[in-house]
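Notes follow once the structure below has been shown.
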Amino acid sequence: MDNDPFEEDAFDTWIDQDPRHQTAFDGMWRRIMGPDMGAALHDYELRRKARRKAVASAAAILLIAVGGYKAMPLIEMRMADAHQFAAADGTVREVVLEDGTRLTLGGGTNVTVRYTRHDRVIELGQGALFANVHHDEDRPFRIETGDAEIVDIGTSFEVVSKAAHVRVTVAAGIVDVAKRGWFQKPTRLAANQAAVLDRNGVNRSADVEPGDVAPWRGEWVEYKAKPLKDVVDDLRSLSSVPIEFAREQLGAQSVSGRIRLTDPMGQLENLSVVQGFNIRKTDDRIIIY
4 MDNDPFEEDA FDTWIDQDPR HQTAFDGMWR RIMGPDMGAA LHDYELRRKA RRKAVASAAA
64 ILLIAVGGYK AMPLIEMRMA DAHQFAAADG TVREVVLEDG TRLTLGGGTN VTVRYTRHDR
124 VIELGQGALF ANVHHDEDRP FRIETGDAEI VDIGTSFEVV SKAAHVRVTV AAGIVDVAKR
184 GWFQKPTRLA ANQAAVLDRN GVNRSADVEP GDVAPWRGEW VEYKAKPLKD VVDDLRSLSS
244 VPIEFAREQL GAQSVSGRIR LTDPMGQLEN LSVVQGFNIR KTDDRIIIY
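First residue of the sequence shown? That's 4 in the numbering used here, and the numbers climb one at a time after it.
Here it is in structure tokens:
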């Protein structure tokens, strides 16, 4: 249980359930927020080798008594500096984090990064990112986005977060995908495997070819006799609104050429001229007909 991820939403729910919970937590907070804080955190880090001591012990026992929560990871995460990164529309940005992990952000994507000695947490708004994660068995790497939680130790994978779903595709290593919350069974993905979380839960989707994970990282992709539906799937990753076919048959036509995936609407307009279809953009979607 020591490596269980901290669930901030669950903690907030616990606080709201009973006024006594807030009182108990405030009392615990006053006890530990003093000059002994550094020592308390140090004791917590070494608890596998020795019994909890002093303030760390008192705080943990208090929270176990009133709600079963682990105090120190909660406190560390709440105190951790939040670093925010974003990629402007139509661009791709690479960010190197303090542990050497590399995040590639698609246009319009923003993330908040919090690192502690026990956790590495990325909060992803809607958008797309590719993570090449530095291996660290003692600090699992988690991405939280929408209703999804993606947990990894050291690998590389893509996450595309939209209003209605979250898609995860693994380039290398092993990644666990689950709905956020208590007692959710994760779906484990290996290299070239993918899954989608929507209102129906987490479901495996079709495997991908090696090298086809997050093609938008290079902005431009050369297609040779690819079905239009496959090209549109790639454009969807960085589109701010869903792209839909009015008739599925339209997706079968063959596409060849160089496509800039960071410009979904502009590329669809170009393709409509070459391929002979029409597009209509509303406030909440793009329709190909």
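Cβ atoms here follow ideal geometry from the backbone N, Cα and C, with glycine treated the same way.
Note that the structure is a prediction, hence the values are computed from the model and not measured.
{"Query": "L271 versus A131: straight-line alpha-carbon distance, rounded", "Result": "19 Å"}
{"Query": "Alpha helix (DSSP H) runs contained entirely in the region 225 to 263, provided each spans 4 or more residues", "Result": "231 to 239"}
{"Query": "Distance cut-off 6 Å: V162 Cβ against heavy atoms of the ligand ADP", "Result": "The ligand content of the structure shown is nil, which means the ligand ADP is not present either."}
{"Query": "Span of the beta strand (DSSP E), counted from its first residue to its last, around L200", "Result": "197 to 201"}
{"Query": "Boundaries (first-last residue) of the beta strand (DSSP E) holding V211", "Result": "Segment: none, V211 is in no beta strand (DSSP E) and carries neither H nor E."}
{"Query": "Cβ shell of F88 (< 6 Å), same chain only, five flanking positions each side left out", "Result": "V98, V114"}
{"Query": "Nonlocal neighbours in the same chain, by C-beta distance under 8 Å from G128, ignoring five residues either side", "Result": "T112, N113, V114, T148, S164"}
{"Query": "Exposed unless 16 or more other CB atoms sit within 10 angstroms - verdict on G103", "Result": "exposed"}
{"Query": "For F186, three-class secondary structure by DSSP", "Result": "coil"}
{"Query": "Neighbourhood of T107 by C-beta, 6 Å cutoff - its chain only, sequence neighbours within 5 removed", "Result": "E97, F133, R220"}
{"Query": "Given 8 Å, three or more beta-carbon pairs between the region 239 to 254 and the region 198 to 211", "Result": "no"}
{"Query": "Extent of the continuous alpha helix (DSSP H) to which V136 belongs", "Result": "Segment: none, V136 is in no alpha helix (DSSP H) and carries neither H nor E."}
{"Query": "Where A53 falls: helix, strand or coil (DSSP)", "Result": "Any reading at A53 must be qualified, since the residue scores a pLDDT of 48, below 50, and its modelled position is unreliable; the value itself is stated next. If DSSP states are grouped into helix, strand and coil, A53 belongs with coil."}
{"Query": "Where the beta strand (DSSP E) through N113 begins and ends", "Result": "113 to 118"}
{"Query": "Stretch pair the region 226 to 241 + the region 138 to 158: three plus CB contacts closer than 8 Å", "Result": "no"}
{"Query": "Other residues of its chain near F186: CB distance less than 7 Å, five sequence neighbours each side excluded", "Result": "none"}
{"Query": "Cβ-based burial, T265 [other Cβ within 10 Å; buried from 16]", "Result": "buried"}
{"Query": "Distance, L192 Cα to P213 Cα", "Result": "14 Å"}
{"Query": "Check whether E140 and I156 have beta carbons under 7 Å apart", "Result": "yes"}
{"Query": "DSSP state of G221 mapped onto helix, strand, coil", "Result": "helix"}
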